[in-house]
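Below: one structure, written as structure tokens.
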Amino acid sequence: MIRIDSLRYRYRAASRPALDGVSFDIGRGAVHGLLGPNGAGKTTLISLLAGLLAPQGGGIAVDGEPLAAWRASHPTAIAAVPQDHAFYPMLTVAENLDFFAGVQGLSRRQRRDRCAAAMAFACLEAVAGRRAGSLSGGLRRRLNMAIGLTGAPEVLLLDEPTVGVDPQSRRFMLDAVKRFAADGGAVLYTSHYMEEVEAVCTDVAIIDHGKVLAAGPLAEIKRGGGPMLNLTLARPLPEALAANWRIRFPDMDVMGNAVDFPRFSADGLAPLLAELAAARVAVERAEYGAPNLEQFFMQLTHHSLRD
Amino acid sequence: MPAVFILVMSLTLAEPFSTRQPAAIGYAVLDLDSTPVSQALDEQLGTSDVFEKREHPSGEADARRRVETGEAVFVLVIPQGFARQVGSNRTPALRFLLDPAVPYALREGFRQQAEAAVIRVWLAHVLERLGQNLMIPELRRVTERVGPPEIHVEAVDRADGKTFAPPSSVQQSVPAWLIFSMFFVVIPISAVFVGERQRGTLQRLATQKVSFSLVLAGKFVPFVLLNQAQAVIMIAIGRWLVPLCGGEAFTLPNGAQALAALWLLSLAVGAAAVGWALLIASFARSSEQATILGGAGNIIMGAVGGIMVPRFVMPASMQPWTRLSPMDWALEAIHHVMLRHGGIADILPAAAALACFGFLALAAAVFLGRRAHD
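These protein sequence lines map, in sequence, to chains A and B.
At position 108 of the first sequence (counting the first as 1) the number is 117 in the working numbering, and the numbers step up by one without a gap.
At position 164 of the second sequence (counting the first as 1) the number is 1155 in the working numbering, and the numbers step up by one without a gap.
Right, here's the structure in full:
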């Protein structure tokens, strides 16, 4: 449905581009996870898709048509749900929905129907008359999302939609996102909660420094990382052994007593354990197999802090 | 808040600057001479409406205590030998003690009051002596009538040239504070605007293809109407609540044309104030920044525009600068309506200038908003 092709964007006075040749596709009926450390370019990409910024290079096409032209013919078909509670706290839930539906130029009847549908989708009927500012964190998140649905969009851009909500509300939100995609919508979902992305997304794109590091179906992405060995040792790795292993396994990652070996061949496991035994380092736990999304993400983006 | 402000200003301005009520600026006379001449001076000073006489101090120490405690703002000390000095045609020397916080204008007012009283006493003495020397008993009778002259003050109506009783200080001052208060709409507007930006509401509206100019227009119209309601409430307070609290009532001009002119001017001030507020709100990044920029901007605009210090009191070099402030345009126009019995034609240039200022500020806010978006 959406084809992002070699997209480039650089902010004024920025030393490097926020997006530097980003390409991937977002299909209908799919929830596409967009992962990346802070400052990777996720918000810029969402702003470009939402029409807040104009591409400086490359392009975005929807169903084969340039984004700007498609948006002109489908003005309410892309809805962005910001990370913040982007509504009026002094208005009630129903008034907020009505206001945001109203600014989209809908007729009175369309407005009423869309507000009712959005309210039902987010299960907000019981709090329709309550002031938005007095809602709990979970209800605010649901209202934030419901406002995004008042235009009956085909594409939903969700920017960390579950920050600060309890597990029940999170589960509700994830189910709602899945329902939206199951009804034929396309979702771009950004989050720092990897288990959440694994639970809800069918596809992912991992970006860092404005470039796509990996993109595709979630299962393939994880397989692409190759098998991984994770060891938890009884004590830190002796320095001599660590220096030796760093030469042999350049991707090795040591954090305290935990040592990870990305793309590790099973044949090397027995000799490795023997070397540990010789160095009198007991192994408390050993895991071998496909990495989870977080491990793969960390492999690609490394451990260094970004803020 | 503006309603409370106008109530407080009306009540505080009513007493000290009133031309109709006794003022509360107290003074006392320490008469160290205790002669009929010094007592005559004491009486002459007592004829003033501006200064209110307090009990005589018992001595110099008591006089100083009175000033220190604020019981009297001034104490006039008539030295021993005052009558002798007057009798020998020597310039009599007086002293007056005062609180150092007393403004220069007030101090000068009292000094001139005392000077005039001394001259009257001295003149009476001269006339009496002349009458005795020239054996003209009528001159003695003249001395009994020497007192402050009676001066009638009349204001000239610019419409028909007729005269009328001059307006009170409440009529003169309240319009200035009314205009000043109306410009303080910058605080609620910027709070709303900055809140919308910080919550991402403006961004969400942008994704919904709501143009920034429409967002601003959506604030401009309701806030101008709100500003009008605020002005009506403030005038109503001055008209009905202030007299109930013991202050002087604020009176509206008579006639439909004057009221229409006042309403037109109020709309123009509202447009200028809201346009200015939206400009501040569109480049302020936080509500603190908006409050400081808007508040300080208004105070500077008020100071330059003659709200705090009337233009005619300012130094000549400063007076042309007042024309830079929209508050000056509004103040001049409202004085035409409230004090000079002017009509729509008198306020039209100022109303047009204020409306232009408001719309230019709004256009600048749209430009700034679009540039930030790009």
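Glycine included, C-beta positions come from ideal geometry on N, C-alpha and C.
Please read all numbers here as calculations on a predicted model, not as lab measurements.
- Within the region 1028 to 1080 of chain B, the complete alpha helix (DSSP H) segments of 4 residues or longer fall at 1051 to 1060, 1073 to 1078, listed in chain order.
- Within the model, the alpha-carbon separation for ASP260(A) versus ALA288(A) is close to 21 Å.
- The region 244 to 263 of chain A makes no contact with the region 46 to 63 of chain A; the number of CB pairs closer than 8 Å stays below 3.
- Here ARG118(A) is exposed: its Cβ has fewer than 16 other Cβ atoms, across all protein chains shown, within 10 Å.
- 9 Å or more divides the Cβ of LEU1114(B) from the Cβ of ILE1069(B).
- Linking THR171(A) to VAL90(A) through their CA atoms gives a straight-line distance of about 11 Å.
- Judged by beta-carbon spacing, PHE1174(B) lies within the 9 Å limit of TRP1267(B), meaning their Cβ atoms are closer than that value.
- Judged by DSSP in its simplified three-state form, LEU246(A) adopts coil rather than helix or strand.
- Within chain A, the residues ASP93, HIS94, ALA95 have their CB atoms less than 7 Å from the CB of ARG1190(B), given in chain order.
- Look at the beta carbons and you see the region 118 to 133 of chain A not touching the region 194 to 201 of chain A: under three pairs across the two are nearer than 8 Å.
- In this structure, VAL1265(B) sits near VAL1215(B), with a CB-CB distance shorter than 9 Å.
- Counting along the chain, THR1192(B) sits inside the alpha helix (DSSP H) bounded by residues 1192 to 1198.
- Between HIS218(A) and GLU169(A), the CB-CB gap reaches or exceeds 9 Å.
- Using a Cβ-Cβ cut-off of 9 Å, ALA1182(B) does not count as an interface residue toward chain A, since no Cβ of chain A sits closer than that to its own.
- For LEU62(A), no alpha helix (DSSP H) encloses it, and the DSSP letter there is neither H nor E.
- Assignment of ALA195(A) by DSSP, reduced to helix, strand and coil, places it in the strand class.
- Here the alpha carbon of VAL1295(B) sits roughly 14 Å from the alpha carbon of TRP1168(B).
- For ARG232(A), the uninterrupted alpha helix (DSSP H) run begins and ends at 227 to 233, by DSSP.
- Secondary structure at TYR20(A): coil, using DSSP grouped into helix, strand and coil.
- Contact between the region 1231 to 1240 of chain B and the region 1312 to 1331 of chain B is absent: fewer than 3 CB-CB pairs across the two stretches fall below 8 Å.
- One thing to note: ALA267(A) has its Cβ no nearer than 9 Å to the Cβ of LEU238(A).
- Selection ASP34(A), TRP79(A), ILE35(A), ALA63(A) evaluated against ARG17(A) yields ALA63(A) as nearest (Cα-Cα).
- With a beta-carbon spacing of about 7 Å, LEU58(A) and ILE87(A) fall inside the 8 Å limit used to define contacts.
- Interface flag for ARG139(A) against chain B is unset, since no Cβ pair is found closer than 9 Å.
- When 7 Å is used as the limit between beta carbons, ALA1197(B) is near these residues of chain A: LEU61, in chain order.
- Under DSSP, THR101(A) takes part in a beta bridge, and its partners are ARG140(A).
- Within chain A, the residues placing a beta-carbon under 9 Å from that of GLN1194(B) are SER56, ALA59, LEU61, ALA89, PRO91, ASP93, ALA95, ordered along the chain.
- Counting only residues of its own chain and dropping the five nearest sequence neighbours on each side, PRO226(A) has a CB closer than 6 Å to the CB of ASP212.
- Separation of the CB atoms of VAL209(A) and VAL174(A) is rounded to 14 Å, and the pair is thereby denied contact status at 8 Å.
- With fewer than three CB-CB distances shorter than 8 Å, the region 140 to 151 of chain A does not count as touching the region 66 to 85 of chain A.
- Residues of chain A whose Cβ lies closer than 8 Å to the Cβ of LYS1210(B) do not exist, since the nearest Cβ in that chain is about 13 Å away.
- Under the three-state reduction of DSSP output, ASN1124(B) falls in the helix class.
- Under the 9 Å criterion on CB atoms, VAL1201(B) is classed as interfacial with respect to chain A.
- Taking each of LEU1023(B), GLY1333(B), LEU1121(B), ILE1338(B) in turn and checking the Cα distance to GLY1078(B), the smallest one comes out for LEU1121(B).
- For PRO247(A), the nearest beta carbon of chain B is not closer than 9 Å to its own beta carbon.
- Chain B places no beta carbon closer than 9 Å to that of ARG123(A), leaving this residue out of the contacts.
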